[in-house]
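Below: one structure, written as structure tokens.
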Amino acid sequence: MLVPRLRPYSTSVFGEISQLAVTHGAIDLGQGFPDYEGPRAMHDAARAAIATGVNHYTSAKGQPVLRDAIVAERARHMGEKYDAATEVVVTAGATEALTAALLGLVEPGDEVILIEPYYDSYPAAVALTGATRRTVAMVPDGDGFTLDLDELRRTINPKTRLLVLNSPHNPTGSLLSDHDLRAIAELACDHDLPVISDEVYEHLVFDAIPHTSIASLPGMRDRTIVISGPAKTFNVTGWRIGWALGPEPLINAVFAAKQYLTFVPPSPFQPAIAHALAHEQQWAAANRAALQRKYRTLSTGLRDLGFDVKRSAGGYFVCVDVGTDGTAFCRDLPARAGVAAIPVAALSARGNWNTLVRFAYCKEDATLRDAITRLNAAGHP
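By the numbering used here, the letter at position 205 of the sequence shown is numbered 210, and the numbering carries on one by one without gaps.
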């Protein structure tokens, strides 16, 4: 019998919508995975690692070559310095890094604050700890969304143990402003709160806007666990490599839980990701520019079809207000139009997101054009 705290997570909307996409031969703009490949030299490095015997247990904290590459890239990208021996741990995907951080830091009875709507694994990971989930909403801001800082101030209380951030934000594509990040940092310092900052889209911020990590703000280096990984940067969502960066006491907490989840992350992919971090940043920059073009292609097409398209500042997703029940819309869409999307209501416990739908634009240009053609032929419901 499934324990009560996990019963709400026994099924996933992603699995349901993906199956509908397969059943109806639909273009899957629901899940955030690209249909084009990352840099060839990175793939060659993975093949070479397999061929030369990198197929067994290695360091549980991650191979030194990858840990060195992670901290070196962070220093180049953000100007932040971490110790590769003590302040980084490699995990089986960014989701494991976040889950291990929560398991290592949160007790039953604690409260964890999430920004709503949220990536679907966040509330499930909180449930694993036995803690209580509290949420703070993104709110309308012109044609996009911003964080409700007043609600955040009201939500923090003596039981609050930790705050989880995500910017660029999944699912809305919003970017937390410097003002928002500084306000959050002040609250974290005032209340002595650790912060988990999910930065998997750090290299996919549009309009040449620099990515800002809350860890870089005053007082935050020693209380922030930065979660990231190569899945979105280098188009390897199935390789399941991620990492956590932070001060040694917090990283020790992540590692204490992580070593009993998967023990080691996939061995042959680690030197390949180390190569990509050191040598494929030009590819990543070109991919970011391509993704911004893809976002414009899809959002323009959706807007021309009469949808209320929201602003995205980076990442993989654009949200659309369909003006009706978004869950029913998404369940009907694969059969009706041959396209799949995700209802934002599935990523929230609040009813006010019910008309919002998330589309992924991390696809070939031809795939996006085909999706727009299919939607146009089906007509606006």
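For glycine and all other residues, C-beta sits at the position ideal for the given N, C-alpha and C.
Those residues which DSSP pairs with Cys-367 across a bridge
Bridge partners of Cys-367 according to DSSP: none are assigned.
Could you give the DSSP three-state label for Trp-248: helix, strand or coil?
Three-state DSSP puts Trp-248 in a strand.
7 Å CB neighbourhood of Gly-306 in its chain, flanking five on each side removed
Only Ile-377 meet the Cβ criterion.
Alpha carbons only, please: which of Ile-219, Leu-282 and Val-344 is nearest the one belonging to Gly-251?
Nearest of Ile-219, Leu-282 and Val-344 to Gly-251, Cα basis: Ile-219.
Validate contact between the region 327 to 342 and the region 178 to 193 using beta carbons, cut 8 Å, 3 pairs
The answer is no - the region 178 to 193 does not touch the region 327 to 342, with fewer than three Cβ pairs under 8 Å.
Report the option in Asn-359, Leu-338, Ile-256 and Trp-248 whose CA atom is closest to the CA atom of Ile-75.
Closest option to Ile-75, Cα to Cα, is Trp-248.
When DSSP labels each residue in this structure, what does Met-143 get in the three-state scheme?
Here DSSP, grouped into helix, strand and coil, assigns Met-143 to strand.
Neighbourhood of Ser-221 by C-beta, 8 Å cutoff - its chain only, sequence neighbours within 5 removed
Result list for Ser-221: Met-83, Gly-84 and Glu-85, in chain order.
Shortest alpha-carbon distance to Ala-31 belongs to which of Ser-172, Glu-21 and Leu-338?
For the residues Ser-172, Glu-21 and Leu-338, the minimum Cα distance to Ala-31 belongs to Leu-338.
Cutting at 8 Å between CB atoms, please list the residues of its own chain near Thr-134, excluding the five before and the five after it.
Excluding residues within five positions, the ones whose Cβ falls inside 8 Å are Leu-107, Leu-108, Val-111, Glu-112, Pro-113, Asp-115 and Val-117.
At least one CB of chain B closer than 9 Å to the CB of Val-205: is that the case?
Of the protein chains in this structure there is only one, and it is not chain B.
Specify the secondary structure class of Gly-149 as computed by DSSP and reduced to three states.
Strand at Gly-149.
With distances taken from CA atoms, which of His-280, Asn-359, Phe-211 and Ala-350 is nearest Ala-291?
Distance from the Cα of Ala-291 is smallest, within the candidate group His-280, Asn-359, Phe-211 and Ala-350, for Phe-211.
Three or more C-beta pairs under 8 Å: does that hold for the region 202 to 217 against the region 34 to 53?
With the cut-off at 8 Å, the region 202 to 217 and the region 34 to 53 do not touch.
Local conformation of Asp-88 per DSSP, three classes:
Of the three classes helix, strand and coil, the one that applies to Asp-88 here is coil, per DSSP.
Where Pro-223 falls, given that 16 or more other Cβ within 10 Å makes a residue buried
It is exposed - the Cβ of Pro-223 has fewer than 16 other Cβ atoms within 10 Å.
Comparing C-alpha positions only, which one of Thr-16, Glu-21, Met-6 and Leu-103 sits nearest to Ala-346?
Comparing Cα positions, the closest option is Glu-21.
Nearest residue (CA-CA) to Phe-150, options Ser-182, Phe-274, Phe-239 and Gly-356:
The shortest Cα separation from Phe-150 among Ser-182, Phe-274, Phe-239 and Gly-356 belongs to Ser-182.
Three-state secondary structure (DSSP) at Arg-226?
In this structure, Arg-226 counts as coil in the three-state DSSP scheme.
Inter-stretch contact at 8 Å, needing at least 3 Cβ pairs: the region 227 to 246 / the region 308 to 317
The answer is no - the region 308 to 317 does not touch the region 227 to 246, with fewer than three Cβ pairs under 8 Å.
Just the C-alpha distance for Pro-276 and Ala-333, rounded to the nearest angstrom, thanks.
Straight-line spacing of the CA atoms in Pro-276 and Ala-333 works out to 44 Å.
Within the continuous beta strand (DSSP E) that includes Val-95, where are the two ends?
Its beta strand (DSSP E) spans residues 93 to 96.
In angstroms with no decimal places, state the Cα-to-Cα distance between Thr-28 and Ala-342.
Within the model, the alpha-carbon separation for Thr-28 versus Ala-342 is close to 13 Å.
Is the CB-CB distance between Leu-119 and Val-200 below 9 Å?
No. Outside cutoff.
When you compare only the Cα positions, how much space is there between Gly-384 and Leu-310?
Distance between the alpha carbons of Gly-384 and Leu-310: 8 Å.
Does the beta-carbon distance from Thr-160 to Thr-137 come in below 9 Å?
No.
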